[in-house]
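Scroll down for the structure; my scribbles are underneath it.
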């Protein structure tokens, strides 16, 4: 069985959507197979572009958190943190940046997390996929430089990683607000929600320190990419595979 992703027939002439769809197919073909859905075929059928991918056995992190509320098991939270860092390390090693990492784009499988929806991802140093004045991504998970439509590199995925971890421990991004127009100001000018960071700290103080670094607005302070993030996590918790093994079953079981 395969998963088939297509553009709706009514959007077949939308240049931006077609560009993003073609980009997703191109990026997935280069992305690390261990952390993404494997592409089996791409093409156009009856005028509609499609991507045929392996059918993943799992569910999105968003659905898991909706069911459980938050992750109250320190080993499970640590396993999620390290497994996602491994996925980002593999992605960034191929000079790819996801740009829309969030719970609904993380498929939780028995083999680890699989990153989904690469429609707005980019290859470092390649042309951006936005229209002029057009912002892509999910604001409450976006880094300040991404919101400002500046150059976006792997550090933006590190920021989104931290937002996902706070959401897993506390229930939402540390910049979530009832007023969607206030998101930009909160991310660019304010500190993350202290209650969210406190929730991570209560479960895993060492992990909380890494999360706080990952939410630094100053790019000189924030870990630069998945490799730097992984180095901090293994320094605080030992070999990555051991950290994942200790808590992954509690996540997906």
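In our numbering, the protein residues as written are 2 to 254. Every residue gets a Cβ at the ideal spot worked out from N, C-alpha and C, and that includes glycine.
| Check | Outcome |
| --- | --- |
| Per-residue DSSP class, three states only, for residue 227 | helix |
| Secondary structure of residue 241, DSSP reduced to three states | helix |
| Burial state of residue 104 (16 or more Cβ within 10 Å) | buried |
| Where the beta strand (DSSP E) containing residue 61 begins and where it ends | 59–61 |
| Option in 150, 3, 165 with minimal Cα separation from residue 189 | 150 |
| Residue burial classification, residue 181 (beta-carbon count within 10 angstroms, cutoff 16) | exposed |
| C-alpha gap between residue 252 and residue 92, whole angstroms | 22 Å |
| For residue 56, three-class secondary structure by DSSP | coil |
| Exposure of residue 14, with buried meaning 16 or more beta-carbon neighbours within 10 Å | exposed |
| Element boundaries [beta strand (DSSP E), containing residue 42] | 40–46 |
| Residue 235 (DSSP reduced to helix, strand or coil) | helix |
| C-beta atoms of residue 248 and residue 33 nearer than 9 Å | no |
| Length at least 4, wholly inside the stretch 136–216: the alpha helix (DSSP H) runs in chain order | 145–148, 155–171, 184–190, 195–204, 206–215 |
| Which of helix, strand or coil DSSP assigns to residue 32 | coil |
| Buried/exposed call for residue 203, threshold 16 Cβ in 10 Å | exposed |
| Beta-carbon contacts of residue 156 that lie in its chain and below 6 Å, excluding the five residues immediately before and after | 220, 223, 225 |
| Segment contact flag, the stretch 100–119 with the stretch 55–63, C-beta cutoff 8 Å, min 3 pairs | yes |
| Expected contact under 8 Å - CB spacing of residue 95 and residue 147 to nearest Å | Incorrect: roughly 20 Å between the Cβ atoms, too far for contact. |
| Cut-off 6 Å between Cβ atoms - residues of its own chain near residue 4, not counting five sequence neighbours on either side | 54, 56 |
| Expected contact under 8 Å - CB spacing of residue 170 and residue 200 to nearest Å | 4 Å |
| Status (buried if at least 16 other CB within 10 Å, exposed otherwise) for residue 143 | buried |
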